[in-house]
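Enquirer: Quick one: the structure is below, questions incoming.
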Amino acid sequence: MGVDSGLGVCGYYSICTLKDDKRPTCECPTGYSLLDSNGPYGNCKPDFIQGCEEDELSPTKDIYEVQVLINTDWRTSDYMWFYPFTADGCNESCFSDCLCAVAIFRAETCWKKKLPLSNGRVDITLNSQAFIKVRKGAIVCLGFFFIYWKKHGKSNQHVLDSNLGSFSYEELAEATNGFNEELGKGAFGVVYKGILQIGSGVQVAVKKLNCVMQDCDQEF
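This is the structure we're talking about:
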């Protein structure tokens with residue numbers, strides 16, 4: 138039985154980059170993560186929900202922001218293109234279109250792309266800009282989470298350093314083994330079990346949020 142893995146070396150939503158030794162590496166864009174943390178060449182998945190039904194709930198500017206990637210393209214996901222066009226016009230056209238996940242601007246041409254994104258690559262010869270639309274909460278909220286730990290031999294729980302911590306996405310992914318063990322869900326995110334690599338290995342609970350920031354405040 139065949140498996141559809143994105144029509145390239147890397148899986149869906151992933152971006153392929155050739156290293157100096159010409160060996161490919163695959164990376165998920167901001168706001169996306171590996172579907173299987175043990176499969177670096179596999180599919181990525183959005184860390185947020187995108188679609189026209191979702192966009193109807195709030196103004197687009199309140200839900201999304203745009204990340205710009207240089208010389209990056211997903212070659213097989215086009216559904217519309219414009220010429221002649223400007224970079225700003227290409228960005229805005231995708232941002233206001235609920236079907237558009239990414240827009241590629243190159244040589245006065247704008248290609249709008251829909252999900253799923255496939256055959257992603259970085260190529261310095263493209264001379265292009267990719268405007269990828271990601272949910273604000275997928276970027277902003279990931280930097281904030283609650284950490285609780287239990288001292289050995291005691292039953293009381295304490296808040297580490299008495300404050301919220303701020304770590305990179307890679308550090309959180311490592312602490313939770315790729316967000317592998319789910320402890321529970323809230324209205325705006327999922328709580329995962331992990332071990333923070335400080336001291337003797339502190340047990341933590343990481344809340345990975347997927348929400349617009351003002352909604353997160355209500356959850357906490």
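When we follow my numbering, the leftmost residue of the sequence shown carries the number 138, and every step to the right adds one. We treat Cβ as the ideally placed atom computed from N, Cα and C, and that holds for glycine. This one's a predicted model, so the numbers in the text were calculated from it and none came from an experiment.
(1) Can you find at least 3 beta carbon pairs, one from the region 218-228 and one from the region 149-164, that sit closer than 8 Å?
(2) Would you mind working out which of Cys235, Val203, Arg212 and Pro253 sits nearest Arg243, comparing C-alpha positions?
(3) Just verifying my parser: in three-state terms, what is the DSSP assignment at Lys198?
(4) Under 8 Å by Cβ, that's how I've got Ile152 and Gly257 pegged, so tell me the actual separation to the nearest angstrom.
(5) Should Thr262 and Tyr220 be called a contact, given that it needs their Cβ atoms to be closer than 8 Å?
(6) According to DSSP, simplified to helix, strand and coil, what is Cys235?
(7) Classify Ile125 as buried or exposed, calling it buried when 16 or more other Cβ atoms lie within 10 Å of its own Cβ.
(8) Pick helix, strand or coil for Ala244, following the three-state DSSP scheme.
(9) Ends of the beta strand (DSSP E) at Thr209?
(10) Is Cys181 buried or exposed, if buried means 16 or more other CB atoms sit within 10 Å of its CB?
(11) I'd like the list of long-range same chain contacts for Trp218, defined as Cβ closer than 8 Å, with 5 residues on each side in sequence excluded.
(12) Quick one, which of Glu202, Ile241, Thr209 and Leu309 has its alpha-carbon nearest Phe232's?
(13) Buried or exposed for Ile200, going by 16 or more other Cβ atoms inside 10 Å?
Expert: Once the coordinates are examined:
(1) no
(2) Arg212
(3) helix
(4) 4 Å between Cβ atoms; contact.
(5) no
(6) coil
(7) Shown here, the chain extends from 138 to 357; a query on residue 125 therefore has no answer.
(8) coil
(9) Thr209 to Trp211
(10) buried
(11) Closer than 8 Å at Cβ, skipping near neighbours: Thr246, Cys247, Trp248 and Lys249.
(12) Glu202
(13) buried
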